[in-house]
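UniProt numbering numbers the first residue of the sequence shown as 1 and each following residue consecutively.
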Amino acid sequence: MGATKPTTDATFEADVLKNPKPVLVDFWAEWCGPCRAVAPILEEIATEHADKIEVVKLNTDENPATSAKYGITGIPTMNVYVNGEVVKTLVGALPKPKLVRELDEFIA
1 MGATKPTTDA TFEADVLKNP KPVLVDFWAE WCGPCRAVAP ILEEIATEHA DKIEVVKLNT
61 DENPATSAKY GITGIPTMNV YVNGEVVKTL VGALPKPKLV RELDEFIA
């Protein structure tokens, strides 16, 4: 991983909920093909918009408590958190232009 950062059940509160910036959390798993497809796109977004948004990845297999808390039933699911609250949910491996459009209000 490069610009994206891993988070866990143990570090989620500090990494995401108490982060002063908007945070995009990628709920993913090693075995998930669409998750692997969207990973490089999230790396690009994390690099290009590092000053505006934090991009973190949570492995759902290794961190079931946080996944359950936010009702993650399908992956990839990406939640945007602002001030500790989910303000947007995106499901599926979206192409970069669509993902950037969906995140526009946070990265513009």
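Glycine included, each C-beta is placed from N, C-alpha and C at the ideal position.
Mark Pro97 as exposed unless 16 or more other C-beta atoms lie within 10 angstroms of its C-beta, in which case mark it buried. What you label residue 97 is simply residue 97 of the sequence shown in a count that begins at 1. When all chains shown are included, Pro97 counts as exposed.
CA-to-CA distance, Pro64 to Val87, given in whole angstroms: Here residue 87 refers to the residue found at position 87 of the sequence shown. Here residue 64 refers to the residue found at position 64 of the sequence shown. Computed Cα separation, rounded: 21 Å.
For the candidate residues Lys5, Asp26 and Lys18, whose alpha-carbon lies nearest to that of residue 114? For residue 114 there is no data in the structure shown, the boundaries of the chain being 1 and 108.
Are Leu94 and Leu24 closer than 8 Å when you measure CB to CB? The residue you call residue 94 lines up with position 94 of the sequence shown. The residue you call residue 24 lines up with position 24 of the sequence shown. Taking 8 Å as the Cβ cut-off, Leu94 and Leu24 do not qualify as a contacting pair.
Please report how far the alpha carbon of Met1 lies from the alpha carbon of Phe12, in whole angstroms. What you label residue 1 is simply residue 1 of the sequence shown in a count that begins at 1. What you label residue 12 is simply residue 12 of the sequence shown in a count that begins at 1. Low local confidence applies: a pLDDT of 49 at Met1 is under 50, so the model's placement there is unreliable, with the coordinate-based value given in what follows. Computed Cα separation, rounded: 17 Å.
Terminal residues of the beta strand (DSSP E) in which Leu24 lies: As a working mapping, residue 24 is identified with position 24 in the sequence shown. That run of the beta strand (DSSP E) goes Val23 to Trp28.
I'd like to check one pair, Tyr70 with Asn79: are the Cβ atoms closer than 8 Å? The sequence position of residue 79 within the sequence shown is 79, counting from 1. The sequence position of residue 70 within the sequence shown is 70, counting from 1. Contact flag set, yes.
Buried or exposed for Leu99, please, with buried defined as at least 16 other CB atoms from any protein chain shown within 10 angstroms of its CB. Taking the first residue of the sequence shown as 1, we reach residue 99 at position 99. The residue is buried, with at least 16 neighbouring Cβ atoms inside 10 Å.
According to DSSP, is Leu6 part of a helix, a strand, or is it coil? As a first step, residue 6 is located in the sequence shown; it is residue number 6 there, counting from the start. Correcting the residue identity first, residue 6 is Pro in this sequence and not Leu. Strand.
Am I right that Asn59 and Ala39 are in contact with their C-beta atoms under 8 Å? What's the rounded C-beta distance? For the purposes of this step, residue 59 is identified with residue 59 of the sequence shown, where counting begins at 1. For the purposes of this step, residue 39 is identified with residue 39 of the sequence shown, where counting begins at 1. Rounded, the Cβ-Cβ distance is 12 Å, inconsistent with contact.
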